[in-house]
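K.L.:
Take any residue in the sequence shown, count from 1 to its spot, add 1308: that is its number in the working numbering.
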Amino acid sequence: MTAFDVGVVGLGAMGSMTALELARRGKRVVGFDRFRPPHELGSSHGKSRIIREAYFEHPQYVPFVKRAYQLWAQLERESGRTLLIPTGGLMIGPPDGVLVPGARRSAEEHGLEYEVLSAGEVRRRFPAFTPADHEVGLLEPRAGILLPESCIESALALAGEAGATLCFDEPVIGWNGAESISVTTARGSYEVGRLIVAAGAWMAGGLVPTPLPLAVARQTLFWFDPVGRHSMVEPGEMPIFLWEWAEGRYFYGFPDLGDGVKVAIHHEGEPTTPDSVRRETDAEEAERLRAIMAPRTPALNGTLRSAVVCLYTNTPDGDFLIDRSPDDRRVILASPCSGHGFKFAPAIAEVLADLALDREPALDVSRFTLARFPAQSRGIIRP
Ligand SMILES: Cc1cc2nc3c(=O)[nH]c(=O)nc-3n(C[C@H](O)[C@H](O)[C@H](O)COP(=O)(O)OP(=O)(O)OC[C@H]3O[C@@H](n4cnc5c(N)ncnc54)[C@H](O)[C@@H]3O)c2cc1C
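1. Helix, strand or coil: how does DSSP classify C1459 here?
2. Between the alpha carbons of A1664 and V1316, how many angstroms are there, rounded?
3. Take D1627 as the anchor and find which of S1674, N1609, P1654 has the nearest alpha-carbon.
4. Can you tell me whether T1326 is helix, strand or coil according to DSSP?
5. Between Q1527 and ligand 1, is the CB less than 8 Å from at least one heavy atom?
6. Should F1434 and L1398 be called a contact, given that it needs their Cβ atoms to be closer than 9 Å?
7. Start and end of the beta strand (DSSP E) containing L1454?
8. What is the rounded straight-line gap between the Cα of G1410 and the Cα of L1454?
9. Three or more beta-carbon pairs under 8 Å between the stretch 1524-1532 and the stretch 1575-1582, yes or no?
10. With 16 other CB atoms within 10 Å as the buried threshold, where does P1691 fall?
11. May I have the straight-line CA-CA distance separating I1689 from D1662, to the nearest angstrom?
12. Given that a residue counts as buried once 16 or more other Cβ atoms are within 10 Å of its Cβ, and exposed if not, what is A1509?
13. Check whether the Cβ of H1575 lies closer than 8 Å to any heavy atom of ligand 1, and answer yes or no.
14. Which residue comes first and which comes last in the beta strand (DSSP E) that contains D1313?
15. Using the Cβ count rule (16 or more neighbours within 10 Å means buried), how would you classify I1489?
16. Would DSSP call P1579 helix, strand or coil?
17. From the DSSP output, in three-state form, read off R1690 for me.
18. Pairs of beta-carbons, one from the stretch 1609-1617 and one from the stretch 1589-1599, closer than 8 Å: are there three or more?
19. Would you call G1323 buried or exposed, if buried means 16 or more other Cβ atoms sit within 10 Å of its Cβ?
20. Can V1480 be considered in contact with ligand 1, in the sense that its beta carbon sits closer than 8 Å to one or more heavy atoms?
21. Are T1438 and P1606 touching if we call contact CB-CB under 9 Å?
22. How about M1540: is its Cβ closer than 8 Å to a heavy atom in ligand 1?
23. To the nearest angstrom, how far is the alpha carbon of P1644 from that of I1393?
24. P1624 and A1512: beta carbons closer than 9 Å?
25. Hey, quick one: how far does the alpha helix (DSSP H) through M1601 stretch, first residue to last?
26. Got a sec: does ligand 1 put a non-hydrogen atom nearer than 8 Å to the Cβ of L1330?
27. If you reduce the DSSP assignment to three classes, tell me which class G1485 lands in.
28. Under DSSP, the alpha helix (DSSP H) around Y1377 begins and ends at which residues?
29. Roughly how far, in whole angstroms, is the beta-carbon of R1596 from the beta-carbon of W1531, given that I think they are within contact range, below 8 Å?
30. Compute the Euclidean distance between the alpha carbons of I1573 and A1311, then round it to the nearest angstrom.
31. At what residues does the alpha helix (DSSP H) containing V1659 begin and finish?
32. Expressed to the nearest angstrom, what Euclidean distance is found between the alpha-carbon atoms of E1386 and L1379?
33. Please classify A1486: is it buried, with 16 or more other beta-carbons within 10 angstroms of its beta-carbon, or exposed?
34. Mind checking R1537: buried by the 16 CB within 10 Å criterion, or exposed?
35. When DSSP labels each residue in this structure, what does S1584 get in the three-state scheme?
Okay, structure coming up:
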């Protein structure tokens, strides 16, 4: 048995950045993953992730994304790799819907640059999009694309160089808390002072006494050949977009990074578990998306090139879960998914490292704590 200051369960988006953050702070850190990230079995694959700042979900996310931009830039410098491609971001929808007013509120509250475009202006400036006359676009200049596999590879490589012990293909089976915490894996056992559990979709299974009902959903990503003039869908000309096409219903997409344009429906995926999920997609699913795209993004709706299944782990209110375990305050639970966590990963890693080291995080995490739910609704489920 070796003693470590902190153990990290799961080395995906959150865990890889957290292991790096702790190693940078000179802590003895051990990280475990049941597979070898980056891999295609969790929530962090599919070649691209949106980063956007005028956060329609709530203005409280904006300081997190601002910090994340700084940290992504630092990771780019340290790894010498491109991790973020700026494209600008276009939020399209009715002016009195959820998306456009929400993005505007965050932009106003935090003094972010933005522009509201009429449907005609959107069609003229960004011919890949054909909004209806009653819709508007909110353009934010700082949005762009993160390359998730490269981000995770970079964080893990730098964490290893900074002294983190990284154990791949080594699932954590459980832990017991006494004076230190004894973590049992498929290969052995490890003593750690603190434990951060960032197991993605597996947070919803039997690994942790789940303090909240987390629901895993099967989400599908599709790549299509563009139709017509190619420059229309290149990153210089086409921003990432999110479109509220019906009340509270969204689809989103990315310009062509070389594999075709990637388009997907946000949420609405069927309930599943990470171990039983159907990994294949069928023609019907692509057709459902195509029907939404047809009148709105005809230039993106060419031949289907490929598809992949990814997992959302949803809290009941769509905000993240970041808190200490009610069972053992030395254990920190992190489920920053609900379909929108990637962009924040290095900022969340700082918070997780602070919590593990008993420091007050610089960012306000009150929105993500268990206390926001009354105890009786948390549905404590013990394995
Ligand atoms: C289709 C799709 C599109 C998305 N789009 C965006 C977007 O555009 N922008 C955005 O910001 N976010 C987006 N997200 C959300 C974002 O990707 C997730 O919030 C984020 O990847 C979650 O990271 P994680 O570290 O919690 O999970 P993961 O990266 O999945 O990592 C969890 C890790 O834990 C490991 N693990 C599980 N159990 C154990 C165990 N017992 N022992 C050891 N290891 C274990 C797993 O192997 C895995 O590697 C999207 C997600 C999906 C699926």
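For each residue, glycine too, the CB sits at the ideal point set by N, CA and C.
Everything numeric in this text was worked out from a predicted model, so none of it was measured.
P.N.:
Taking the geometry as given:
1. helix
2. Rounded to the nearest angstrom, the two C-alpha atoms are 10 Å apart.
3. Comparing Cα positions, the closest option is S1674.
4. helix
5. yes
6. yes
7. 1452-1454
8. Rounded to whole angstroms, G1410 to L1454 spans 22 Å at the Cα level.
9. yes
10. With a pLDDT of only 32 at P1691, under 50, the local geometry of the prediction cannot be trusted, and no value is derived from it.
11. Any reading at I1689 must be qualified, since the residue scores a pLDDT of 42, below 50, and its modelled position is unreliable; the value itself is stated next. Near 27 Å, if we compare the C-alpha coordinates of D1662 and I1689.
12. Taking all protein chains in view, the Cβ of A1509 is crowded by 16 or more other Cβ atoms within 10 Å, so the residue is classified as buried.
13. no
14. 1311-1317
15. buried
16. strand
17. With a pLDDT of 38 at R1690, under the threshold of 50, the modelled position of this residue cannot be trusted; read the value that follows with caution. Under the three-state reduction of DSSP, R1690 is assigned to coil, being neither helix nor strand.
18. Short answer: they touch.
19. buried
20. yes
21. Yes, the Cβ-Cβ distance between T1438 and P1606 is below 9 Å.
22. no
23. The alpha-carbon of P1644 is positioned some 22 Å away from that of I1393.
24. no
25. Annotation for M1601: the continuous alpha helix (DSSP H) segment containing it runs 1591-1601.
26. no
27. It is a strand residue.
28. 1370-1387
29. Actually they do not touch by this definition, with Cβ atoms about 16 Å apart.
30. 45 Å
31. 1653-1664
32. 10 Å
33. exposed
34. exposed
35. For S1584, the secondary structure class from DSSP, reduced to helix, strand or coil, is coil.
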